[in-house]
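Reading the sequence shown from the start, the letters are residues 1 to 233 in full-length UniProt numbering.
For glycine and all other residues, C-beta sits at the position ideal for the given N, C-alpha and C.
Reviewing the structure listed below.
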Amino acid sequence: MDFEYLKNKKLLLVDDEPELLSMVEGILEKEGYRNIRRAGNVKEALKIFQEWQPEMAVLDVMLPDGDGFGLFEKIREISDIPVLFLTARGEEEDKFLGLGLGADDYIVKPFLPRELILRIGVILRRCYKEEQPVVHLAGCAVDFERAQVIRGEEKLPLTAKEFALLSALYRNGGKIVTIDMLCQAVWGDNPYGYENSLMAHIRRIREKIEENPSKPVSLITVKGLGYKLIVKE
1 MDFEYLKNKK LLLVDDEPEL LSMVEGILEK EGYRNIRRAG NVKEALKIFQ EWQPEMAVLD
61 VMLPDGDGFG LFEKIREISD IPVLFLTARG EEEDKFLGLG LGADDYIVKP FLPRELILRI
121 GVILRRCYKE EQPVVHLAGC AVDFERAQVI RGEEKLPLTA KEFALLSALY RNGGKIVTID
181 MLCQAVWGDN PYGYENSLMA HIRRIREKIE ENPSKPVSLI TVKGLGYKLI VKE
């Protein structure tokens with residue numbers, strides 16, 4: 001499954017430099033994050049926190065009316081949301097203090113935008129694991145949490161590639177998923193040349209989910225276009 005659900009998490013950015021706040025907000029918005037608020041000091045951050053209840057905070061250490069370490073401790077009195085320090089204070093003792101207080105990560109300015117995105121993503125995935133669905137098809141169910149197909153009393157494990165293919169098909173809600181899109185979901189950004197392998201995996205999936213794999217009713221071929229998964233309501 002993908003991690004698009006994380007892009008709706010509420011992120012609070014706290015820094016006394018408006019230009020840096022704008023830059024970080026722009027980086028996150030470009031990546032698809034949709035719920036972002038900003039604060040320039042401790043007082044403003046706590047007010048936003050109480051009213052908005054963010055689900056992750058990115059804190060500077062040096063703030064005009066206190067410091068990020070003190071703000072972190074105030075946050076911890078009322079919440080256990082993940083916190084990342086993003087600060088110019090790169091001394092080892094500051095880093096050890098932040099992590100020792102219980103912060104999830106500590107990045108020193110200047111930083112690479114991609115590094116910030118990756119670290120925030122890692123923290124959110126660790127702290128907010130999506131509950132995977134059990135999807136009902138004709139004659140069986142797919143348990144995405146346990147990566148298995150359930151047919152009556154029988155439980156058939158899915159391989160990693162079978163799981164990736166079924167996830168891509170399910171995410172598209174009964175719409176046609178092209179061969180290129182499915183290959184990319186399994187083999188990455190250079191999916192060309194995998195069409196035969198894809199067909200072999202589709203065949204094995206049908207053997208697990210279809211009562212009659214030669215006449216599929218759940219994993220349907222759309223000739224010349226791709227495949228779609230028919231889910232029972």
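Where residue i falls: helix, strand or coil (DSSP)
i	result
Y170	helix
M1	For M1, the predicted model reports a pLDDT of 47, less than 50, meaning its position is unreliable; a value from the coordinates is still stated below. Three-state DSSP puts M1 in coil, outside helix and strand.
V231	coil
G70	helix
G226	strand
R37	strand
F96	helix
D180	helix
I81	coil
V186	helix
A200	helix
K9	coil
L20	helix
Q132	coil
F111	coil
Residue i and residue j closer than 9 angstroms at C-beta
i	j	result
R34	I48	no
I202	V217	no
I81	C127	yes
I120	L12	no
G32	V14	no
G226	I150	no
V177	K228	yes
F144	L166	yes
W52	K10	yes
V83	D60	no
A147	L137	no
Minimum C-alpha distance to residue i - residue among the options
i	options	result
I117	I75, L219, W187, K30	K30
V42	L84, D65, G174	D65
G152	G102, P110, L158, K208	K208
L99	R206, P110, G68	G68
E115	L97, V134, F96, L86	L86
L6	G26, E55, E51	E55
L20	V58, L46, Q50	V58
L97	L156, F72, A138, Y194	F72
Y192	M199, T221, C183	C183
A164	I205, G174, K155, H136	I205
L63	R89, K223, K175, L156	R89
Beta-ladder partner(s) of residue i, from DSSP
i	result
L156	V149
L219	L229
C140	L137
Y106	F85
L63	G66
A57	L12, V83
Distance cut-off 8 angstroms: residue i Cβ against heavy atoms of the ligand SAM
i	result
D180	Only the bare structure without any ligand can be found here, which leaves the ligand SAM out of the picture.
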